[in-house]
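As structure tokens, the structure follows; a few thoughts come after it.
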Amino acid sequence: MTGTPSEAERLDSALRLAGDRAVLSGAVACRRYGLTKMPADGTILVLVPHERRRAGDGDVILERTRELPPPVLRDGFPCAPLDRAVIDTSRRMRRLDDVRALLAEAVQRGFTTVARLSAELEAGSGRGSRLPRLVLVELAAGVRSAPEAWAREIALELEQESGFPRIEWNRAIHLETGERLFDPDGWIDEVAAAWEIESVEYHLSPEDQERSYRRRAVMNRYDVVLVEHRPSRLRTAKAEVKSDLRAAYDRARRRPRPPLVSRPPFVPGPV
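Dropping the structure here:
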């Protein structure tokens, strides 16, 4: 064979090396489910029965496991179930924000749930579980991106420092009649104040900018106090961000609270 082998050829070779009953997991399996938020390190993780004594080769990692999952065929290749593949991938990541991106994508796109990922993490090896465990706590609190996780860290510091009210994440804000108005990143329900993390990544197109404009207009119509920050400010100007939040809270307390209701957001179920 000449030239660089395709990924399909590399996977086929890895499975032949691993032997019968082997299943793909990690990033290569996640990609076959349609997930995208993984570092491209080129390694191929293959799960094999615990009694098998066989070494990996090059970029192929053979992991022995007593809990060999039933294979799910994806593009003709036996893969671990999605929850196992996601957790196996996250256990090998070294950067917290990378884990946040992967797990948030899996939940946001409806591939799985926080509960399912948590159960998978608890059922498996404790090795490499610290970062995914931290991220699952964030996701359970409603956080859906790395910048929102940075914002939540600041909010928790404010609570501990000065008894600042709890900020809820990604709530659906309705009128008392039931009409849904907007879904802010952060919400201080006591005073009906909103916190938006304006990430350039999600607001580049004219359509996204128009949606942001309409959301601000609705907030203004119902007298919602709004504070906005770019993600970079959350990392480089935490003291300033805290001052902005305190000022917004104080301003909101000085006016009657508008009759708005905070409800859990709709989260799509697993596909």
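259 is the number that this note's numbering gives the last residue of the sequence shown; the numbers go up by one with no jumps. Just so it is clear, CB atoms sit at the ideal spot from N, CA and C, and this is done for glycine as well. No experiment lies behind these values; they were computed from the predicted model shown.
Just the C-alpha distance for residue i and residue j, rounded to the nearest angstrom, thanks.
i, j, result
"Y210", "H162", "11 Å"
"A2", "N158", "42 Å"
"R4", "G46", "14 Å"
"C67", "L23", "14 Å"
"I155", "G174", "6 Å"
"V215", "N208", "12 Å"
"V95", "V74", "11 Å"
"P247", "T165", "10 Å"
"R83", "L122", "12 Å"
"R19", "F152", "41 Å"
"V34", "V11", "6 Å"
"E(-3)", "P253", "43 Å"
"G114", "R9", "24 Å"
"P219", "L56", "41 Å"
"F170", "L(-1)", "45 Å"
"P135", "P(-7)", "38 Å"
"P59", "R41", "20 Å"
"R168", "V212", "14 Å"
"T31", "G(-9)", "19 Å"
May I ask you to list the residues that DSSP assigns as paired with residue i?
i, result
"S250", "I161"
"S13", "L33"
"E(-5)", "Answer is none; E(-5) lacks a bridge partner."
"D45", "V48"
"L61", "P66"
"I176", "A181"
"T53", "P37"
"E167", "BP columns for E167 are empty, so no partner."
Let me know if residue i comes out buried or exposed under the rule of 16 or more other beta-carbons within 10 Å of its beta-carbon.
i, result
"A6", "buried"
"T224", "exposed"
"Y21", "buried"
"H191", "Annotation note: pLDDT 49 at H191 (below 50); position unreliable, coordinate value reported separately. Its Cβ having fewer than 16 others within 10 Å, H191 is exposed."
"G14", "buried"
"R221", "buried"
"S231", "exposed"
"L61", "exposed"
"G172", "Checking the displayed sequence, the identity of residue 172 turns out to be Pro instead of Gly. Classification for P172: buried."
"S133", "buried"
"T77", "buried"
"E93", "buried"
"V36", "buried"
"P286", "Residue 286 falls outside the range modelled here, since the chain spans only -11 to 259, and no answer is possible."
"V206", "exposed"
query = Can you list, in chain order, the stretches of the beta strand (DSSP E) that have 3 or more residues and sit fully within the region 64 to 152?
reply = 65 to 67
inquiry  = Suppose only complete runs of 3+ residues qualify. What are the beta strand (DSSP E) ranges in the region 186 to 243, listed by chain order?
reply    = 213 to 217
query = Pairing CB atoms from the region 81 to 100 with CB atoms from the region 48 to 60, are three or more of them under 8 Å?
reply = no
inquiry  = Taking 8 Å as the cut-off, does the region 226 to 246 touch the region 173 to 186 (at least 3 CB pairs, one atom from each stretch)?
reply    = yes
query = Between the region 117 to 132 and the region 89 to 103, do three or more beta carbon pairs fall short of 8 Å?
reply = Contact between the region 117 to 132 and the region 89 to 103 is present, with at least three C-beta pairs closer than 8 Å.
ask   = Quick check: the region 129 to 149 against the region 104 to 113, are there 3 or more CB pairs under 8 Å?
value = no
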